[in-house]
Amino acid sequence: MEQDKMELTIVQIKSIMENNFQIPSESSLIEITLLLIEKLGSIDSDIREGCLEILYAWIMNGEYDDTTLNSLGDQLISLTHTGLGQEISDLVFLRSFTALEVAVILIFDEKCEKGEIEGRNAFLTPEIVKRWFTTALEYYQQERDYRSYVIGKGWAHSIAHGADLFRDFAKHRFIQKEEILQILQLVKQKLASPSPRIFNGKEELRIASAVYTALLRNKLDIHEINHWLSSLFDPFQEKRFWEFANEPEKMNSYIHVERFIKDFYLMIKFGISRKGIHATPYYYVSFQNRDDILKLLEQYILKADNNSFYYKPD
């Protein structure tokens, strides 16, 4: 393709979507894929989300061979480190949206392994998954752009999208107890560490979904779960939230933990939504120690409230 044609406009993106995601005849699959990945970092939400949908469709439709998927995964996971550590930067869009596409490759591999994709076998190895997982841990740990919706540019939402990525890591067959404990430790750090702003795009629910998915593997006993829940409150030393009035970043994290505990409680109580990405038999597995976890969460809801609003007779 000539250099002056190496562009991807919103018109072309919409045309692909409107034509049932058929690959344009005038472009090679790899060539246009590289353009789509680049546009995942666009500040135009229509372009960015259109490219996200196209890549999702092409991955799930089996357009890429195994070698290409492994290569794409390597490229996408490395892009989650672009501009990492900056609190306010347009580079967050590339980090956030490439994280979602890595999750799609994990999902597709699991479907291949289960025989749900005709003519395809699983293609990821333990080494590849662990390498991507390590890179993802570093990305989420160092992510400091906590913005949700950016006026004029659309959703950044890196905290939510990163949680979605770990939700899909948690389901993968090569992720075992060691990695699940790492996910929980990472979530604790993201919720309970001082935060430059309060989440305002239901990030706590996305994190709760990742934790729910991880615990549904039933690899942790109730004592390990209790220890982790208790550790969420360690930074706050039994204080009420208003005692952090002069420490706004710490108050933000207190609110994050309190919201998460409530969201997680309701998710355990009512079950996770089985629409969209959750429309899978994975979520029909029974939750081990469900009643015990609910009792623990009730205690931690009261702990977070610290006799401020809720009444519980002795």
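For any residue, its number in the working numbering is found by taking its place in the sequence shown, counting from 1, and adding 1. We put the beta carbon where it would ideally sit given N, CA and C, even for glycine.
Let me know the secondary structure DSSP gives residue i once reduced to three states.
i	result
residue 285	helix
residue 120	coil
residue 150	strand
residue 310	coil
residue 1	The chain is shown only over 2 to 315; residue 1 falls outside these bounds and no answer can be derived.
residue 42	coil
residue 63	coil
residue 202	coil
residue 155	strand
residue 174	coil
residue 300	helix
residue 22	coil
residue 1	This structure gives no information on residue 1, because the portion of the chain shown stretches from 2 to 315.
residue 249	helix
residue 234	coil
residue 112	helix
residue 128	helix
residue 222	coil
residue 144	coil
residue 81	coil
residue 15	helix
residue 10	coil
Could you work out which residue in the options is closest to residue i when comparing CA atoms only?
i	options	result
residue 199	157, 148, 176	148
residue 192	73, 19, 141	141
residue 227	56, 164, 294	294
residue 152	44, 29, 312, 167	44
residue 123	138, 184, 66	66
residue 292	283, 276, 145, 267	267
residue 154	253, 205, 93	93
residue 284	212, 113, 40	212
residue 235	11, 255, 216, 143	255
residue 87	114, 146, 115, 48	146
residue 9	231, 276, 40, 91	40
residue 117	62, 48, 306, 275	62
residue 172	130, 157, 18	130
Are the CB atoms of residue i and residue j nearer to each other than 8 Å?
i	j	result
residue 269	residue 169	no
residue 164	residue 207	yes
residue 150	residue 202	yes
residue 79	residue 136	yes
residue 251	residue 197	no
residue 189	residue 229	yes
residue 110	residue 95	no
residue 138	residue 187	yes
Using the beta-carbon count (16 or more within 10 Å), is residue i buried or exposed?
i	result
residue 104	buried
residue 70	buried
residue 224	exposed
residue 261	buried
residue 265	buried
residue 119	exposed
residue 74	buried
residue 81	buried
residue 160	buried
residue 310	exposed
residue 89	exposed
residue 222	exposed
residue 276	exposed
residue 301	buried
residue 49	buried
residue 97	buried
Determine, for residue i, whether the minimum Cβ-Cβ distance to residues of chain D falls below 8 Å.
i	result
residue 8	The chain labelled as chain D is not found in the depicted structure, where only one protein chain is given.
Indicate, with yes or no, if the ligand FMN has a heavy atom lying under 7 Å from the CB of residue i.
i	result
residue 213	Of ligands this structure carries none, so the ligand FMN is not represented either.
Quiz item: Counting pairs of beta carbons, one from the stretch 43-58 and one from the stretch 16-29, are three or more of them closer than 8 Å?
Solution: yes
Quiz item: With a cut-off of 8 Å, do at least 3 Cβ pairs link the stretch 172-184 to the stretch 242-257?
Solution: no
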